[in-house]
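For the sequence shown, my numbering begins at 12 and goes up steadily by one. Heads up, the beta-carbon is just placed ideally off N, CA and C, and yes, glycines get one too.
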Amino acid sequence: MSALLEVSHLCAGYGEVAVLRDLNFTVAGGKITAVIGSNGSGKTTTMRVVAGLLPVRSGRIDFDGRDLSKAPASERVAAGLALVPEGRLVFPEFSVEETLRIGAYCVRARSGLTARMAQMYVLFPQLYERRRTLAGALSGGEQQMLAIARALMSAPRLLLLDEPSLGLAPAVVSHVFDAIVAIAKSGVAVCLVEQDVHLSLEIADYAYVLENGAVAAKGPAPELLQSDQVRTSYFGL
Ligand SMILES: Nc1ncnc2c1ncn2[C@@H]1O[C@H](COP(=O)(O)OP(=O)(O)OP(=O)(O)O)[C@@H](O)[C@H]1O
Ligand SMILES: [Mg+2]
Numbered sequence: 012m013s014a015l016l017e018v019s020h021l022c023a024g025y026g027e028v029a030v031l032r033d034l035n036f037t038v039a040g041g042k043i044t045a046v047i048g049s050n051g052s053g054k055t056t057t058m059r060v061v062a063g064l065l066p067v068r069s070g071r072i073d074f075d076g077r078d079l080s081k082a083p084a085s086e087r088v089a090a091g092l093a094l095v096p097e098g099r100l101v102f103p104e105f106s107v108e109e110t111l112r113i114g115a116y117c118v119r120a121r122s123g124l125t126a127r128m129a130q131m132y133v134l135f136p137q138l139y140e141r142r143r144t145l146a147g148a149l150s151g152g153e154q155q156m157l158a159i160a161r162a163l164m165s166a167p168r169l170l171l172l173d174e175p176s177l178g179l180a181p182a183v184v185s186h187v188f189d190a191i192v193a194i195a196k197s198g199v200a201v202c203l204v205e206q207d208v209h210l211s212l213e214i215a216d217y218a219y220v221l222e223n224g225a226v227a228a229k230g231p232a233p234e235l236l237q238s239d240q241v242r243t244s245y246f247g248l
């Protein structure tokens, strides 16, 4: 079966700085694929290039059999790619409900908006209770849930999640991770970048280790969890 997302020989960076150097990875439909790596290894840059926020210098991004390497971000959203950026970035002056409506702006997502909003409130019941609250007044955990729900409102086939656990209390993290597992079970593929390597490998099907903008190791997540390389680098074992 061919992959939903296929990134091949990808190079990208900022100004003179090359960050991604011949990066190759795939994400299978409906599965959780984790991308782990130390600070500055290029995880956020990868997410931004795939989402179309940073240009491809060379290489390709194929999604659902289509070359999206040069497509603007809005066309990628329309094709079914949605990014939840690092730091969540919700608009503080919009309510929860308004934020969810904004998430459904692409044409494909407009029909069925009400039903999808109801699904978001099932996935995150706190958001229903806070639906008239301004996003800026939510807790960090609620803002993360809102950022995920906003992305899901575009009815994506692949959700790109950058550091969803950052700065959250452990109980909230486990809630968010339960939701990520539920999202994948519903058929939406997830590409998960996460500083909590143990947690991300526990829920992922497959994982890539990024070093200096290229893949240093890859494999089924349970195997990487046991590998000496990952245990030494990330768990201090
Ligand atoms: N806007 C920018 N301009 C110039 N260099 C940048 C910019 N953003 C990131 N970089 C550099 O690109 C490299 C990769 O950064 P990136 O944010 O992709 O790493 P990361 O793996 O997401 O790290 P972290 O775990 O800290 O989130 C780093 O060396 C960083 O300093
Ligand atoms: Mg990052």
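**OP:** Taking only heavy atoms of ligand 2 into account, decide whether any of them is closer than 6 Å to the Cβ of glutamate 86.
**Re:** For the purposes of this step, residue 86 is taken as the residue at position 75 of the sequence shown. It does not: the Cβ of glutamate 86 is nowhere closer than 6 Å to a heavy atom of ligand 2.
**OP:** Can you check the region 113-183 for any beta strand (DSSP E) of at least 3 residues that lies completely inside it and give the ranges in chain order?
**Re:** 169-173
Original post:
Who does isoleucine 47 pair with in a DSSP beta bridge?
Top reply: Start at 1 with the first residue of the sequence shown, and residue 47 comes out as number 36. According to DSSP, isoleucine 47 bridges with Val220.
Original post:
Terminal residues of the continuous alpha helix (DSSP H) containing proline 233?
Top reply: The sequence position of residue 233 within the sequence shown is 222, counting from 1. Start and end: 232-237.
Original post:
Rounded to the nearest angstrom, how far is the Cβ of isoleucine 194 from that of valine 204, given a contact under 8 Å?
Top reply: If you number the sequence shown from 1, residue 194 lands on position 183. If you number the sequence shown from 1, residue 204 lands on position 193. Contact flag wrong, Cβ pair sits at about 15 Å.
Original post:
So, are the CB atoms of valine 30 and threonine 56 less than 7 Å apart?
Top reply: Translated into positions along the sequence shown, residue 30 becomes position 19. Translated into positions along the sequence shown, residue 56 becomes position 45. In this structure, threonine 56 lies closer than 7 Å to valine 30 by Cβ.
**OP:** Ignoring anything shorter than 3 residues or poking outside the region 54-91, list the beta strand (DSSP E) runs there in chain order.
**Re:** 69-74
Original post:
Just reading off the beta strand (DSSP E) that serine 211 is part of, what are its end residues?
Top reply: To locate residue 211, count along the sequence shown from 1; it is residue 200. Counting along the chain, serine 211 falls outside any beta strand (DSSP E), though it belongs to the alpha helix (DSSP H) covering 208-214.
**OP:** Starting from the C-beta of glutamate 222, find all residues in its chain whose C-beta is less than 8 Å away, skip the five residues before and the five after it, and write them out in chain order.
**Re:** As a position in the sequence shown, residue 222 is number 211, starting the count at 1. So the list reads Gly48, Ser49, Ser52, once near-sequence residues are dropped.
Original post:
Can you give the beta carbon distance from leucine 170 to aspartate 75, rounded, assuming they're within the 8 Å contact cut?
Top reply: Numbered from 1 along the sequence shown, position 159 holds the residue referred to as residue 170. Numbered from 1 along the sequence shown, position 64 holds the residue referred to as residue 75. That belief does not hold up - the Cβ atoms of leucine 170 and aspartate 75 are roughly 14 Å apart, past 8 Å.
Subject >> arginine 99, DSSP secondary structure in three states >> reply: Stepping through the sequence shown from its first residue, residue 99 is reached at position 88. DSSP places arginine 99 in coil when its eight states are reduced to three.
Original post:
Got a sec, what are the start and stop residues for the beta strand (DSSP E) alanine 39 sits in?
Top reply: Sequence index remark: in the sequence shown, residue 39 carries index 28 (1-based). First-last for alanine 39: undefined, no H or E at that position.
**OP:** Please name the residue, chosen from Pro181, Gly151, Gln137, Ile191, that lies closest to alanine 162 on a Cα-to-Cα basis.
**Re:** As a first step, residue 162 must be located in the sequence shown, where it is residue number 151. The residue with the shortest Cα to Cα distance from alanine 162 is Ile191.
Original post:
For asparagine 35, which residues of its own chain have a beta-carbon under 7 Å away from its beta-carbon, when the five flanking residues on both sides are left out?
Top reply: Along the sequence shown, one-based indexing puts residue 35 at 24. These residues qualify, in order along the chain: Val18, Ser19, His20, Val226.
Original post:
How would you label valine 241, buried or exposed, when you count the other beta carbons within 10 angstroms and need 16 or more for buried?
Top reply: Here residue 241 is taken as the residue at index 230 of the sequence shown, counted from 1. Valine 241 is buried by the Cβ-count criterion.
Original post:
For the beta strand (DSSP E) that contains glutamate 17, what are its first and last residues?
Top reply: As a first step, residue 17 must be located in the sequence shown, where it is residue number 6. Looking at the DSSP string, the run of the beta strand (DSSP E) that includes glutamate 17 is 16-25.
Original post:
valine 30 by DSSP, collapsed to three states: which one?
Top reply: Position 19 of the sequence shown, counted from the start, is the residue given in the question as residue 30. Note: valine 30 maps to strand in three-state DSSP.
Subject >> Where serine 244 sits in the DSSP three-state scheme >> reply: Translated into positions along the sequence shown, residue 244 becomes position 233. Correct three-state label for serine 244: helix.
**OP:** Using the Cα positions of alanine 148 and glutamate 140, report the straight-line distance between them to the nearest angstrom.
**Re:** Position 137 of the sequence shown, counted from the start, is the residue given in the question as residue 148. Position 129 of the sequence shown, counted from the start, is the residue given in the question as residue 140. Near 13 Å, if we compare the C-alpha coordinates of glutamate 140 and alanine 148.
Subject >> Residue interval of the beta strand (DSSP E) (run including valine 204) >> reply: If you number the sequence shown from 1, residue 204 lands on position 193. Per DSSP, valine 204 belongs to the beta strand (DSSP E) from 200-204.
**OP:** Would you grab the beta carbon distance between methionine 156 and glutamine 137 for me? Rounded to a whole angstrom, and I think it's under 8 Å.
**Re:** Counting from 1 along the sequence shown, the entry for residue 156 is found at position 145. Counting from 1 along the sequence shown, the entry for residue 137 is found at position 126. That pair is a contact at about 7 Å.
Original post:
Bridge partners of serine 106, per DSSP?
Top reply: Indexing the sequence shown from 1 puts residue 106 at position 95. BP columns for serine 106 point to Leu145.
Original post:
Taking buried to mean at least 16 other C-beta atoms within 10 Å of its own C-beta, is proline 181 buried or exposed?
Top reply: The count along the sequence shown starts at 1 and reaches residue 181 at position 170. Exposed.
Original post:
If you draw a straight line from the C-alpha of isoleucine 214 to the C-alpha of isoleucine 43, how long is it?
Top reply: Residue numbering aside, residue 214 sits at position 203 when the sequence shown is read from its first letter. Residue numbering aside, residue 43 sits at position 32 when the sequence shown is read from its first letter. Using only the alpha carbons, I get a separation of about 7 Å.
**OP:** Could you tell me whether the Cβ atoms of valine 95 and isoleucine 159 are closer together than 7 Å?
**Re:** One-based indexing of the sequence shown puts residue 95 at position 84. One-based indexing of the sequence shown puts residue 159 at position 148. Cβ distance < 7 Å, so valine 95 and isoleucine 159 count as in contact.
Subject >> Beta bridge counterpart(s) of lysine 229 as assigned by DSSP >> reply: Here residue 229 corresponds to residue number 218 of the sequence shown, with the count starting at 1. Per DSSP, Tyr219.
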